[in-house]
Amino acid sequence: MPTITASAVQELRTKTGVGMMACKKALIEVNGDIKEAIKYLREKGLSNAAKKAERATKEGSVFIQISDDHKTGVILEINCETDFVAKNDDFLETGNYLAQTILAQNNVDHKDDLANLKLENFNNFQEYLSEKILKTGENLVVKNLQKIKTSGFLSQYIHLNGKIGVLVEFSADVDSTLGKDISMQIAASNPLYVAPSDMPAADVEKEKEIIKKQVLNEGKPANIVDKIVLGKLSKYYKEVCLLEQAFVKNPDKAVKQILPAGIKINTFVRLALV
1 MPTITASAVQ ELRTKTGVGM MACKKALIEV NGDIKEAIKY LREKGLSNAA KKAERATKEG
61 SVFIQISDDH KTGVILEINC ETDFVAKNDD FLETGNYLAQ TILAQNNVDH KDDLANLKLE
121 NFNNFQEYLS EKILKTGENL VVKNLQKIKT SGFLSQYIHL NGKIGVLVEF SADVDSTLGK
181 DISMQIAASN PLYVAPSDMP AADVEKEKEI IKKQVLNEGK PANIVDKIVL GKLSKYYKEV
241 CLLEQAFVKN PDKAVKQILP AGIKINTFVR LALV
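First residue of the sequence shown? That's 1 in the working numbering, and the numbers climb one at a time after it.
Here's what the structure looks like:
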């Protein structure tokens, strides 16, 4: 076997955009000749995959997988170039396979961890992705990835054929109906926080200042400005905080009022392509 230097691998990678492992393999196959390695990669189609990887991706889908005990969940957004591919069975199978594989492995919690992902018949994730890019004919990008592990309970909801996905963590077991209802609430209302207490203090003060300026510009008496600000801030919380929002299935109640005693919503993740 010829000795392949790191600088040769890097040079080939720079010229082709192909992953390091594939570049090293190509150099080994052609006894270290850079020009022949480029030809080898073109024949294998990997160079074309790298070129596709520069193209914009605005379509795609959200994928979710939850363990049978509802203690671990993965939410994953994969982007492609066209809606046609986003609805293609191969693309959907790829997304579901990745979500299932990530769920089963303990060393991948975020997008930056994908280099750790073990995939059967592939040296690494990038090699796997390059093959899928060639198969679909479009650039594919993992835009978002989060894994939640809990001692509580996870629920999920997919809306608009994968255009919106929600993963919710409860503090303890809940029935499937409530879990779905809360997930649908998040999908529809797009809250930014679970509760007002989750909003950073600096953001609260900034919002207060904005409201105060609005009130003063309306010419309200100075002695009632603070009271009006608090009232408007409360309305703002109802827009951006899940627990304060009107429950979509019964607007007469806030979300916090429909939760069973002792049950809390710890966190949620909402991914959307719309």
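Note that CB positions come from ideal geometry on N, CA and C, so glycine has one too.
#1: When DSSP labels each residue in this structure, what does PHE84 get in the three-state scheme?
#2: Between the C-alpha atoms of THR82 and LYS58, what's the straight-line distance to the nearest angstrom?
#3: Which residue spans inside the stretch 200-273 form an unbroken alpha helix (DSSP H) run of at least 4?
#4: Nearest-angstrom Cα distance between ILE265 and PHE170?
#5: Span of the alpha helix (DSSP H) holding LEU154?
#6: To test your reading of the DSSP string, which unbroken alpha helix (DSSP H) runs of 4 or more residues are found completely within the stretch 8-79?
#7: What does ILE148 pair with, by DSSP beta-bridge criteria?
#8: Are the stretch 154-162 and the stretch 59-74 in contact at 8 Å, needing three or more beta carbon pairs?
#9: So, under 8 Å CB-CB, ILE4 and LYS24 are touching, yes? Tell me the CB distance rounded to an integer number of Å.
#10: At what residues does the beta strand (DSSP E) containing ILE102 begin and finish?
#11: Run through DSSP, which three-state label would GLU138 get?
#12: Can you tell me whether ILE164 is buried or exposed? The criterion is at least 16 other CB atoms within 10 Å of its CB, across all chains shown.
#13: What residues in its chain sit with their C-beta under 7 Å from that of GLU127, if we drop five residues either side in the sequence?
#14: Measuring CA to CA, which of LYS135, GLY162, GLU205 is closest to LYS87?
#15: Could you tell me the alpha carbon to alpha carbon distance between ILE75 and ALA272, rounded to whole angstroms?
#16: For the beta strand (DSSP E) holding LEU167, just list the boundary residues, first then last.
#17: Pull up the distance between the alpha-carbon of LEU129 and that of CYS241, whole angstroms please.
#18: Please report the residue range of the alpha helix (DSSP H) in which LEU119 lies.
#19: Strictly by DSSP, which residues pair up with TYR193?
#20: If ILE186 and PHE268 are in contact, beta carbons under 8 Å, what's the gap, nearest whole angstrom?
#21: Can you tell me the Cβ-Cβ gap for GLU244 and LYS238, rounded? I've got them flagged as a contact below 8 Å.
#22: Thinking C-alpha only, which one of ASN124, LEU117, GLY179 is nearest VAL255?
#23: So, at 6 Å on beta carbons, what are the nonlocal neighbours of ASN116 in its own chain, with the 5 sequence-adjacent residues on each side left out?
#24: Taking the beta carbon of ARG270 as the centre, do at least 16 other beta carbons fall within 10 Å, making it buried, or is it exposed?
#25: Considering only the alpha carbon of each residue, which of ILE258, GLY152, ILE133, LYS220 lies closest to LYS71?
#26: Just to confirm before moving on: does the CB-CB distance between VAL215 and VAL194 stay below 8 Å?
Walking through what the data contain:
#1: helix
#2: 7 Å
#3: 201-217, 225-240, 255-258
#4: 5 Å
#5: First-last for LEU154: 153-159, but that is the beta strand (DSSP E), not the alpha helix (DSSP H).
#6: 20-29, 34-44, 46-52
#7: GLY73
#8: yes
#9: Between LYS24 and ILE4 the Cβ distance is about 6 Å, and since that is below 8 Å, they are a contact.
#10: ILE102: not part of any beta strand (DSSP E); member of the alpha helix (DSSP H) spanning 89-104, first to last residue.
#11: coil
#12: buried
#13: GLY19, MET21, ALA22
#14: GLY162
#15: 11 Å
#16: Per DSSP, LEU167 belongs to the beta strand (DSSP E) from 164-170.
#17: Whole-angstrom Cα-Cα distance: 37 Å.
#18: Neither: LEU119 is in no alpha helix (DSSP H) and is coded neither H nor E.
#19: CYS241
#20: 5 Å
#21: Between LYS238 and GLU244 the Cβ distance is about 5 Å, and since that is below 8 Å, they are a contact.
#22: When each option's Cα is compared against that of VAL255, the closest is GLY179.
#23: ASN107, VAL108
#24: buried
#25: Nearest option by C-alpha distance: GLY152.
#26: no
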